[in-house]
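Residue numbers (the UniProt record's numbering): 1 to 435.
Where is the CB? At the ideal position from N, CA and C, for every residue including glycine.
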């Protein structure tokens with residue numbers, strides 16, 4: 001199977017697709033990650049073939065996130081949203097062109113829900129499409145002004161390609177063939193009315209990232225010096241005043257009486273001098289390695305961070321900022337793994353300190369976190385997802401696992417002695433021509 005995997009968003013939106021690509025490679029398939037150019041180092045580091053799709057729009061995404069954090073009440077102002085989406089609208093035609101080219105000769109396109117070009121490529125070429133939900137639409141996803149802004153982003157490009165417009169792009173853009181939810185039923189029970197081609201399969205974890213990673217000496221020494229610390233991480237969220245937000249975290253940790261690690265990275269936190277008992281760490285960290293070594297994880301409730309905290313069985317304090325983070329914060333609280341969520345707009349050092357103390361001292365939270373962790377670790381999301389994809393292509397008369405049939409690898413494939421194996425897309429085209 002030649003599979004093209006694509007998505008759009010933050011690192012947390014991309015990592016599950018890297019994990020799925022690795023799962024496909026382990027079973028004889030040939031995945032390619034088709035992502036924005038800024039993710040090439042991540043793909044290369046994980047040994048997955050990469051092709052760039054569209055211009056680098058990370059700055060536009062940061063602007064949208066920042067505005068939704070700072071002025072969530074303005075989501076109802078259509079003109080304001082439209083101005084934020086303008087850079088995305090400018091880059092979408094090239095994204096469509098690049099993704100369509102990446103799918104030439106492929107058997108299946110596997111896409112995240114927020115990749116606007118994937119359904120267009122499916123509609124234009126009839127390549128089998130698998131939609132993967134790693135998040136939920138959350139705040140703003142169903143707001144009329146938000147939907148109108150997305151329609152204005154997508155429908156002109158669809159019209160130029162000769163395709164009919166979408167009424168609700170967040171729903172109309174998903175696959176009519178197979179939709180997978182990369183999330184745990186033990187965290188978010190599946191709705192009873194899921195269509196037959198929708199399946200909740202479990203989280204996608206990037207296996208092996210912790211095994212291939214060596215923690216810096218400063219981090220190893222800090223962990224060894226005392227009881228498990230707090231860990232603060234807010235992903236790639238950009239705060240208006242990172243220094244003031246860092247001080248709030250420090251004050252909250254001091255109120256709880258615990259040592260703490262603060263992750264900096266793209267969020268630009270912890271750039272100032274920190275008091276004794278605190279450690280700033282920069283860059284990417286394998287949370288699968290770190291979370292079990294901490295007493296509590298304080299984070300922004302992003303879907304990926306939540307999934308790893310649930311898996312580790314570590315108590316959490318949830319500080320949602322925007323998007324679907326409010327949904328995951330509510331689910332963490334509902335499952336008993338965290339105190340009541342603290343929206344970022346209402347955050348104070350006193351409130352955060354109290355929530356941390358509750359997470360550390362509550363037997364209910366500790367026991368619930370342990371129980372959820374055991375259930376989540378028992379799922380095999382990647383395996384189940386791969387099997388659904390293979391079954392889809394079998395039903396469509398598409399490709400089978402090449403290595404399972406021939407023992408070939410990417411490097412071994414040789415077409416010099418005869419015609420290469422036709423992709424599912426090519427088979428479909430031949431069938432259409434014969435009718």
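request  = Count the C-beta pairs between the region 290-304 and the region 10-19 that are closer than 8 Å, then say yes if the count reaches three, no if not.
outcome  = With a cut-off of 8 Å, the region 10-19 and the region 290-304 count as touching, because enough Cβ pairs lie within range.
task = Measure the CB-CB distance between residue 206 and residue 45 and report whether it falls below 7 Å.
result = As a working note, residue 206 is residue 206 in the chain shown. As a working note, residue 45 is residue 45 in the chain shown. Contact flag unset, no.
ask   = Using the C-alpha atoms, what's the distance from residue 381 back to residue 297?
value = Taking the first residue of the chain shown as 1, we reach residue 297 at position 297. Taking the first residue of the chain shown as 1, we reach residue 381 at position 381. Spanning the alpha carbons of residue 297 and residue 381 requires a straight line of approximately 23 Å.
query = Under a Cβ-count criterion, where at least 16 other Cβ atoms within 10 Å of its own Cβ denotes burial, should residue 167 be classed as buried or exposed?
reply = As a working note, residue 167 is residue 167 in the chain shown. So residue 167 ends up on the exposed side.
inquiry  = According to DSSP, is residue 387 part of a helix, a strand, or is it coil?
reply    = Looking up residue 387 in the chain shown gives position 387. Here residue 387 sits in helix by DSSP.
ask   = Near residue 270, what residues of its chain come up, given a Cβ to Cβ distance below 6 Å and the 5 sequence neighbours on each side ignored?
value = Translated into the one-based positions of the chain shown, residue 270 becomes position 270. Closer than 6 Å at Cβ, skipping near neighbours: 246, 262, 264, 280.
ask   = If you drop the 5 nearest sequence neighbours on each side, which residues of the same chain put their C-beta closer than 8 Å to that of residue 260?
value = The residue you call residue 260 lines up with position 260 of the chain shown. These residues qualify, in order along the chain: 229, 230, 231, 232, 249, 250, 253, 277, 278, 279.
query = Cβ atoms of residue 177 and residue 6: under 7 Å apart, would you say?
reply = For the purposes of this step, residue 6 is taken as residue 6 along the chain shown, with counting starting at 1. For the purposes of this step, residue 177 is taken as residue 177 along the chain shown, with counting starting at 1. Their beta carbons are not under 7 Å apart, which means residue 6 does not touch residue 177 by this criterion.
ask   = What's the gap between the Cα of residue 318 and the Cα of residue 287?
value = Taking the chain shown and counting its residues from 1, the one referred to as residue 318 is at position 318. Taking the chain shown and counting its residues from 1, the one referred to as residue 287 is at position 287. Between the alpha carbons of residue 318 and residue 287 lies a distance of about 16 Å.
query = residue 133 lies in the beta strand (DSSP E); which residues open and close that run?
reply = Stepping through the chain shown from its first residue, residue 133 is reached at position 133. Residues 129-133.
message = According to DSSP, is residue 275 part of a helix, a strand, or is it coil?
response = Mapped onto the chain shown, residue 275 falls at position 275. Residue 275 falls in the coil class under three-state DSSP.
ask   = Nearest to residue 373 by CA position, among 90, 308, 359, is which residue?
value = For this step, residue 373 is matched to residue 373 along the chain shown. It is 308 whose Cα lies nearest to the Cα of residue 373.
ask   = Under the three-state reduction of DSSP, which class applies to residue 436: helix, strand or coil?
value = Within the shown structure, residues of the chain are numbered from 1 to 435, placing residue 436 beyond reach of any answer.
message = What I want to know is whether the C-beta of residue 352 ends up closer than 6 Å to one or more non-hydrogen atoms of the ligand ATP.
response = Questions concerning the ligand ATP fall outside what the structure shown contains, since it holds no ligand whatsoever.
query = Do the CB positions of residue 36 and residue 54 come within less than 7 Å of each other?
reply = Taking the chain shown and counting its residues from 1, one reaches residue 36 at position 36. Taking the chain shown and counting its residues from 1, one reaches residue 54 at position 54. The answer is yes: Cβ separation under 7 Å.
ask   = Which class does residue 138 belong to by DSSP, given the choice of helix, strand or coil?
value = Counting from one through the chain shown, the residue named residue 138 turns up at place 138. In this predicted model, residue 138 has a pLDDT of only 42, less than 50, meaning its place in the structure is not dependable; the value taken from the coordinates is given anyway. Residue 138: coil per DSSP, three-state reduction.
task = Answer yes or no: do residue 85 and residue 147 have a C-beta to C-beta separation smaller than 7 Å?
result = Reading the chain shown from its first residue, position 85 is the one you call residue 85. Reading the chain shown from its first residue, position 147 is the one you call residue 147. For residue 85 and residue 147, no; Cβs fall outside 7 Å.
ask   = From residue 350 to residue 344, what distance separates their C-alpha atoms?
value = Residue mapping note: residue 350 aligns to position 350 of the chain shown, counting from 1. Residue mapping note: residue 344 aligns to position 344 of the chain shown, counting from 1. When rounded, the separation of the alpha-carbon atoms in residue 350 and residue 344 is 13 Å.
ask   = For residue 121, does the three-state DSSP call read helix, strand or coil?
value = Looking up residue 121 in the chain shown gives position 121. Assignment of residue 121 by DSSP, reduced to helix, strand and coil, places it in the helix class.
ask   = On the premise that residue 121 lies in contact with residue 88, defined as a C-beta separation below 8 Å, what is that separation, rounded to the nearest angstrom?
value = Indexing the chain shown from 1 puts residue 88 at position 88. Indexing the chain shown from 1 puts residue 121 at position 121. That pair is no contact at about 17 Å.
Simplified DSSP assignment, three categories, for residue 316 = Residue numbering aside, residue 316 sits at position 316 when the chain shown is read from its first letter. Strand, per DSSP.
task = With a 10 Å radius around its C-beta and 16 neighbouring C-beta atoms as the bar for buried, classify residue 386 as buried or exposed.
result = The residue given as residue 386 occupies position 386 in the chain shown. Counting C-beta atoms within 10 angstroms of its own C-beta, residue 386 has 16 or more neighbours from the protein chains shown and is therefore classed as buried.
Neighbourhood of residue 200 by C-beta distance below 6 Å, restricted to the same chain and skipping five residues each side = The count along the chain shown starts at 1 and reaches residue 200 at position 200. Taken in chain order, the residues that qualify are 181, 185, 190.
Beta-carbon proximity of residue 117 to residue 109, cut-off 7 Å = Translated into the one-based positions of the chain shown, residue 117 becomes position 117. Translated into the one-based positions of the chain shown, residue 109 becomes position 109. Not in contact: residue 117 and residue 109 (Cβ atoms no closer than 7 Å).
ask   = Roughly how many angstroms separate the alpha carbons of residue 94 and residue 101, rounded to a whole number?
value = Your numbering for residue 94 matches position 94 in the chain shown. Your numbering for residue 101 matches position 101 in the chain shown. Inter-residue distance for residue 94 and residue 101 is about 11 Å (C-alpha atoms, whole angstroms).
ask   = Can you tell me the Cα-Cα spacing of residue 336 and residue 365, whole angstroms?
value = Here the question's residue 336 lines up with position 336 in the chain shown. Here the question's residue 365 lines up with position 365 in the chain shown. Rounded to whole angstroms, residue 336 and residue 365 show a C-alpha spacing of 5 Å.
ask   = Which one or two residues does DSSP pair with residue 2 in a beta bridge?
value = Sequence index remark: in the chain shown, residue 2 carries index 2 (1-based). Paired residues: 30.
request  = Taking 7 Å as the cut-off, decide whether the C-beta atoms of residue 16 and residue 204 are in contact.
outcome  = Numbered from 1 along the chain shown, position 16 holds the residue referred to as residue 16. Numbered from 1 along the chain shown, position 204 holds the residue referred to as residue 204. Contact check for residue 16 against residue 204 passes: the beta carbons are separated by less than 7 Å.
ask   = DSSP state of residue 8, grouped into three classes?
value = As a working mapping, residue 8 is identified with position 8 in the chain shown. Note: residue 8 maps to coil in three-state DSSP.
query = The beta strand (DSSP E) spanning residue 260 covers which residue range?
reply = Against the chain shown, residue 260 aligns to sequence position 260. Here the beta strand (DSSP E) through residue 260 covers 260-263.
task = Using only alpha-carbon positions, find the residue among 353, 244, 312, 330 that is nearest to residue 377.
result = Counting from 1 along the chain shown, the entry for residue 377 is found at position 377. Sorting 353, 244, 312, 330 by C-alpha distance to the C-alpha of residue 377 places 312 at the top.
Same chain, Cβ closer than 8 Å to residue 341, five either side skipped, listed in chain order = On the chain shown, position 341 is the one that residue 341 refers to. Result list for residue 341: 301, 318, 319, 320, 326, 329, 330, 332, 333, in chain order.
ask   = Can you tell me the Cα-Cα spacing of residue 8 and residue 39, whole angstroms?
value = Locating residue 8 in the chain shown gives position 8, counting from the first residue. Locating residue 39 in the chain shown gives position 39, counting from the first residue. One C-alpha to the other measures close to 10 Å.
query = residue 135: buried (16+ other C-beta within 10 angstroms of its C-beta) or exposed?
reply = In the chain shown, residue 135 corresponds to position 135, counting from 1. Flag for residue 135 reads buried.
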